[in-house]
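Reviewing the structure listed below.
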Amino acid sequence: MNNVISSAGLELANVLVTSPPLRQSWDAVQKQKLHTAADPNAPMATYVSETKHLNTTIISFLTLPVTLQDQHAMISSTTLKDKKFPLFEFLCNKDTPSFSVNELAINFFALNHTNLDLLLTRLVESSNSNSLILITGHSFGGCVATLFTLWLLQSLDLSKVKRPLCITFGSPLIGDGKLRQCVLQFSTWSSCFLNVASINDPVPKAFLTASQESDYKPFGTFLLCSALGGSCFENPDAILQLLGKTRSQSARIQGPNSGIQFFDYGQILSDLKLKAFSRGVFELVEEDRFPLKAGIKTQLAALFGVNSSQVSNFPHTII
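Residues 1 to 319, numbered by the UniProt record's numbering, are exactly what the sequence shown covers, in order.
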């Protein structure tokens, strides 16, 4: 049982980095960036590209570089409804009648709503039980991808078609704890979201405060990684703690204006794929009396590329 707990996040990471959808998603992001002639006079435009691989349709979202400093403000679903934009009202329920999302992300979505609505209609009409819709985006484009996937999940008849998969790279957190609860009310929806975040990329941490007391809460699976290793996490508190603890590290590496940079995940994915095929690089913590703590230590050892014994020196708030 101890080994199962210790290795679960690592095993899932190994499976993901060796699976085609992850690499296909990043390739689509890179291809879109290279071939999109973005209009500098339309800073709020959202660009969409479509790629097909056998029975998989990949939809990639791209926005112009966004300076994320001071863009952490959220807007409530109640306010959106009052402003005649109740698009995500379907997420609300009796127990959670409202939630909040990042205001800039909603503004991007609202300003491009007409084109996104046409895309949604086309995807719903062409969906079938044999095809997979893969939604992806990098940095702030990932926020748009996440919102679009929520909208798509509500629009599809999931009893007849495959659930779409949303894979984002270096995307900032998008909503509060109430949004997380609203997503979790649909038992299978959270598993549709995979967020890939390097510990050296400042953008996923952009809306976290220095005190780590943040209104933003993650949902879905987070593949936290570096060139040295990676592991998957679903616990929101663990994700926030790890993002917070590596916040200063990414700031030192990327510099003060790093929020507008294009962080390249291609090499990291290649490195992790090689490590996954090697297997057994990171030892399991078998002797810890607390299995959950042992599991976290093992995951951190993989993430930071150290021996598990060295993890004991990490801040106690992480382990």
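Cβ atoms here follow ideal geometry from the backbone N, Cα and C, with glycine treated the same way.
Item, Value
"Classification of G266 by the beta-carbon crowding that lies within 10 angstroms, buried from 16 upward", "exposed"
"Cβ separation of V101 and S129, assumed to be a contact under 8 Å, to the nearest whole Å", "Not quite, the Cβ-Cβ distance comes to about 31 Å (not below 8 Å), so this is no contact."
"Closest residue to A42 among W26, L62 and N55 (Cα-Cα distance)", "L62"
"Pairwise C-alpha distance: D82 and I75", "11 Å"
"Alpha-carbon to alpha-carbon, K84 and S98", "15 Å"
"Residues near A8 in its chain [Cβ-Cβ closer than 6 Å; skip 5 each side]", "none"
"Rounded C-alpha distance that separates L150 from F186", "11 Å"
"Residue-chain proximity (R23, chain D), Cβ-Cβ < 8 Å", "Note that chain D does not occur in the displayed structure, where there is just one protein chain."
"Span of the beta strand (DSSP E), counted from its first residue to its last, around G170", "Where G170 is concerned, there is no enclosing beta strand (DSSP E), given that its DSSP letter is neither H nor E."
"L68 versus Q154, S226, D201 and L274, residue with shortest Cα-Cα distance", "D201"
"Among Q71, D70 and P86, nearest to S77 - alpha-carbon criterion", "P86"
"Beta-carbon proximity check, G142 vs F169, cutoff 8 Å", "yes"
"Between the CA atoms of N115 and L123 - distance to the nearest angstrom", "12 Å"
"CA-to-CA distance, F219 to E11, given in whole angstroms", "20 Å"
"Euclidean distance between Cα positions of K94 and F88", "15 Å"
"Where the alpha helix (DSSP H) through L150 begins and ends", "F140 to S155"
"I199 - DSSP class collapsed to helix/strand/coil", "coil"
"Three-state secondary structure (DSSP) of V101", "strand"
"Status (buried if at least 16 other CB within 10 Å, exposed otherwise) for V203", "buried"
"Cβ contact check for the stretch 173-187 and the stretch 35-50: 3 or more pairs under 8 Å", "no"
"L223 vs L243 beta-carbon contact at 8 Å", "no"
"Beta bridge counterpart(s) of I133 as assigned by DSSP", "T57"
"For D215, three-class secondary structure by DSSP", "coil"
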